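Engineer: Below you will find the structure I want to go over with you.
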Amino acid sequence: MALLPLAALALLFSKSSFGQRIPKPPRPEPIDIVELPLPPVISSSAVGACTAKANPRRTGCIGQEFTDFQSGDFTPDGNHVVVNLEFIGAPEAPAPGSIYTGEQLILVKTNGKTFANGDSWKCITCGVPAANSQSLDPERDYPHVARNGIKALWGHKIIDCGSTLLASDDCTPDKTHIYPIFWPTAADGSGAGGVPREMRLHPDDVHMGWSSFTANGGQNTYFGRLQFNPNPSSGDVQVPRYDLVDVNLLTDLTGPAPLMVNDNGELEHHPEAIGVGELRGFSGAGDEILYIGPSIEANNIDIFAVHVITGKVRRLTSHPEYADPMWMTAMRGIPPLIDAITITAAASTRNNYQRRFFQPILIDRYGDRGSYFGQQVNAGGDVNWNGRADPAFSYDGTKIVYWQALVTSPACGGFNPLLCPVSTAQGGRTYRVMLARLKSRTPTKPVPVFDVPDFIPWATPFPPGTELPAEYSIPPGTYTLRGKVSGTANATFIADSTTGRFKTVSVEYDNYSDDGKHIVDGVETVTNTADPANPWMSHLDWTSDLVGTGVVRATKETGPGGFQLSIDAMTNAFNANGTLTTTIDGVLYRQPANGT
Ligand SMILES: *[C@@H]1O[C@H](CO)[C@@H](O)[C@H](O)[C@H]1NC(C)=O
Ligand SMILES: *[C@@H]1O[C@H](CO)[C@@H](O)[C@H](O)[C@H]1NC(C)=O
Ligand SMILES: *[C@@H]1O[C@H](CO)[C@@H](O)[C@H](O)[C@H]1NC(C)=O
């Protein structure tokens, strides 16, 4: 799985039980949106630029741009949200305000009130004594307040304020601790440990999920338990820390692979297979793990949920318009065969540098069905403010917080034909935190937390010293995949001789249909000619000539000379020659111009 952070999706998980009849989709609901306050913006980061004039209370200033900005979720009372930002221009110690410097975690009031000092926000990590914050690595992403309100996750760190609520005025820097999280992976616990990313705390405040890249450009996802280790005797981080123990690799070694060759030498597609790609979090009760999974239709990347006990997989977002490039995804019912070559590029075209093609969408816990595929939270908003990952619900279900970033150069301005927008935020800031109030909802009690076991029945225990199990992969060759209703897809997979990874996939469709509503005919071939040494780089040479019949008339076609796309999944700068166009009942979706 080589998938990267995807859409900003707000998923509502208001009930902990499921499996009953799926209700009718909800009707659109009224939503009010306000921007939340942040510390004042200054234009210089020079020492002392955050003057008494800029901030009379001497509680810090921030800059117009900060690419690692991120807002997280609510405190249990719903009156605060957690935010990672960067303070600039602090005066030198011991002048007042000197502690408001660098990347820090703050809480922002959501109810228009203020903390005791008169600010509408309060820094949690500023001025924490060095003895309380040792051996911290630079990662500060996905800030999250624990459900108990006294702990927070901040990158690879756990913050606590003893038994005091983080939002309380009594939570002061001297009472605050910031502990590193350590993942022992060597059998004797030695060394630097594993490198987690996308860390998420389970709603029980004790278990955690995280992903980690593999050397060949994939990633695995894990589940484990946080255990405080006051006096570690092994590993590079020899300070009080939280260890990740009872680690599970979220792979079902006994289940089917999403795409596999059967004993008759034919291909089988298993949409029910557990294929946990990048972790996106947990359901509100913690009974399901949310992740980006292997696509079920070609290049159509989706959010899935898998139940922690039963392993039942639910596809929550099947519609191509969430975050997928419509020009390569809008034709439905194509099985995910070319994805062996194209999926990294498809995931990477979700943004172009700092221009991101998504906004927060509210969908109910049952996911897409019929013509329902959610409600845009900020419908009619300014498209130059782009949605960012991980919107969050308040525990009472009446509010959503999300954040946005403004398009900036080089995705606009200079040689780019698109002009850079002028910021509408205070001080010309290019990031903002938004609060959406779901006006027609009455507050509900948060669901009870699901009692998750340390070891997930379908997962693979992964104690320190374990090697990653070999991943199933289709042997190179030509295979037939039979449509569940009709027809065949004959696919040829050719591997690169040095890396063994697929280099070319070529498919011939003949009346292929999985649902009897979308029937696919034609041919499609994609070759990746990028240097195989860099798994993040794609240079695709693509030809498509597909026709879809049934409930809609669709075509997916490349122009003369085909379509060539080059994209690096680490920078997401779109660059292409030729054309790839999809039409659905006469509506045309064409790839964007380079750099836009
Ligand atoms: C697909 O492969 C099957 C089995 O080899 C063959 O019978 C069929 O003719 C092929 N279909 C096309 C369209 O080539
Ligand atoms: C093609 O498949 C559809 C159902 O998907 C079926 O109704 C039709 O008869 C098939 N056509 C041929 C020529 O097999
Ligand atoms: C597009 O064509 C130009 C000129 O031949 C070439 O330099 C460039 O690498 C091509 N881009 C892609 C994505 O293939």
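Under mature numbering (1 follows the signal peptide of the UniProt record, and there is no 0), read the sequence shown as residues -19 to -1, 1 to 577, first letter to last.
Note that the Cβ used here is the ideal one computed from N, Cα and C, for glycine as well.
Note that the structure is predicted; figures quoted are calculated from it, not measured.
Ligand 2 and G468: does any heavy atom of the ligand fall closer than 7 Å to the residue's C-beta?
Structural biologist: Within the cutoff, so yes.
Engineer: How big is the Cα-Cα spacing for R313 and E247?
Structural biologist: Their Cα atoms are separated by approximately 23 Å.
Engineer: Are the beta-carbon atoms belonging to Y303 and N553 less than 8 Å from one another?
Structural biologist: Not in contact: Y303 and N553 (Cβ atoms no closer than 8 Å).
Engineer: Kindly examine ligand 1 and report whether one of its heavy atoms sits closer than 7 Å to the Cβ of N397.
Structural biologist: The answer is no for N397.
Engineer: Is A30 a contact residue of ligand 3, with contact defined as CB to any heavy atom under 7 Å?
Structural biologist: False, no ligand heavy atom lies under 7 Å from that Cβ.
Engineer: Which residues share a DSSP beta bridge with C42?
Structural biologist: In the DSSP output, where bridge partners are listed per residue, C42 has I69.
Engineer: For G(-1), which residues from the same chain have a beta carbon less than 7 Å from its beta carbon, with the 5 sequence-adjacent residues on both sides left out?
Structural biologist: Caution is warranted here: a pLDDT of 49 is assigned to G(-1), below 50, making its placement in the model unreliable, and no coordinate value can be reported.
Engineer: Should L(-14) go down as buried or exposed, given a rule of 16 or more other Cβ atoms within 10 Å for buried?
Structural biologist: Caution applies to L(-14), whose pLDDT of 33 falls short of 50 and renders its modelled position unreliable; the value that the coordinates give is listed next. Answer is buried; the Cβ neighbour count reaches 16.
Engineer: Output needed for residue 594: all residues of its chain with C-beta closer than 6 Å, excluding positions within five of it in sequence on either side, in chain order.
Structural biologist: As displayed, the chain neither begins before -19 nor continues past 577, which places residue 594 out of reach and without an answer.
Engineer: Thinking V507 and D526 are a contact (beta carbons under 8 Å), I'd like their distance in whole angstroms, please.
Structural biologist: 13 Å between Cβ atoms; not a contact.
Engineer: Using the C-alpha atoms, what's the distance from D217 back to D151?
Structural biologist: In a straight line, the C-alpha of D151 is about 34 Å away from that of D217.
Engineer: Tell me whether residue 578 counts as near ligand 1, meaning its Cβ is closer than 7 Å to at least one heavy atom of that ligand.
Structural biologist: Lying outside -19 to 577, the shown extent of the chain, residue 578 is not represented and no answer is given.
Engineer: Round the Cβ separation of A327 and I282 to the nearest angstrom and send it over; I've been treating them as touching at under 8 Å.
Structural biologist: Rounded, the Cβ-Cβ distance is 6 Å, consistent with contact.
Engineer: Quick one, are the C-beta atoms of L19 and W102 less than 8 Å apart?
Structural biologist: For L19 and W102, yes; Cβs fall inside 8 Å.
Engineer: Quick one: residues in its chain with C-beta nearer than 6 Å to the C-beta of L(-17), no 5 flanking neighbours on either side, listed in chain order?
Structural biologist: Residue placement at L(-17) cannot be trusted, given a pLDDT of 27 that sits under 50; the coordinates are not used to answer.
Engineer: Taking the alpha-carbon positions, what's the D457 to C107 distance?
Structural biologist: The sequence given here places Pro at residue 457; Asp does not occur at that position. One C-alpha to the other measures close to 55 Å.
Engineer: Let me know the secondary structure DSSP gives Q407 once reduced to three states.
Structural biologist: Three-state result, Q407: helix.
Engineer: Excluding the 5 residues flanking D49 on each side, which residues of the same chain have their C-beta closer than 8 Å to its C-beta?
Structural biologist: So the qualifying residues of the chain are N65, E67, E84, R121 and D122.
Engineer: Within the same chain, show all residues whose beta-carbon is closer than 7 Å to that of residue 578, passing over the 5 residues directly before and after it, in chain order.
Structural biologist: Since the displayed the chain opens at -19 and closes at 577, residue 578 lies outside it and no answer follows.
Engineer: Measure the alpha-carbon distance for L343 versus K426 and round it to whole angstroms.
Structural biologist: Their Cα atoms are separated by approximately 19 Å.
Engineer: Can you tell me where the alpha helix (DSSP H) holding T325 begins and where it ends?
Structural biologist: Element bounds for T325: D320 to S329.
Engineer: Is it right to say M189 is buried, meaning 16 or more other beta carbons lie within 10 angstroms of its own, or is it exposed?
Structural biologist: With 16 or more Cβ atoms within 10 Å of its Cβ, M189 is classed as buried.
Engineer: On the premise that K90 lies in contact with R61, defined as a C-beta separation below 8 Å, what is that separation, rounded to the nearest angstrom?
Structural biologist: At residue 61 the sequence reads His, which differs from the Arg that was named. Yes, they are in contact, since the Cβ atoms of H61 and K90 sit about 6 Å apart, within 8 Å.
Engineer: Determine the direct distance from the alpha carbon of T459 to that of T560, and round the result to whole angstroms.
Structural biologist: T560 and T459: Cα-Cα distance of roughly 28 Å.
Engineer: Can you tell me whether DSSP reads A417 as helix, strand or coil?
Structural biologist: A417 falls in the strand class under three-state DSSP.
Engineer: Relative to the C-alpha of L297, which residue among T291, P275 and I290 is closest?
Structural biologist: The residue with the shortest Cα to Cα distance from L297 is P275.
Engineer: Taking only heavy atoms of ligand 2 into account, decide whether any of them is closer than 7 Å to the Cβ of I500.
Structural biologist: Result yes, Cβ under 7 Å from ligand 2.
Engineer: With H, G and I counted as helix, E and B as strand and the rest as coil, what does DSSP make of D154?
Structural biologist: The sequence given here places Pro at residue 154; Asp does not occur at that position. DSSP places P154 in helix when its eight states are reduced to three.
Engineer: Would you report the Cα separation of L(-11) and D371, rounded to the nearest angstrom?
Structural biologist: Residue placement at L(-11) is flagged as unreliable, the pLDDT there being 37, under the threshold of 50; a coordinate-derived value is accordingly withheld.
Engineer: State yes or no: is the beta carbon of S390 nearer than 8 Å to at least one beta carbon in chain D?
Structural biologist: Checking the listed chains, one finds no chain D in this structure; it contains a single protein chain.
Engineer: Below 8 Å on the Cβ atoms is my guess for F443 versus L182; work out the distance and round it to an integer in Å.
Structural biologist: So it is not a contact: roughly 19 Å between Cβ atoms.
Engineer: Count the other CB atoms within 10 Å of the CB of Q51; is the residue buried (16 or more) or exposed (fewer)?
Structural biologist: With 16 or more Cβ atoms within 10 Å of its Cβ, Q51 is classed as buried.
Engineer: Report whether the distance from the Cβ of N471 to the nearest heavy atom of ligand 1 is below 7 Å.
Structural biologist: Yes.
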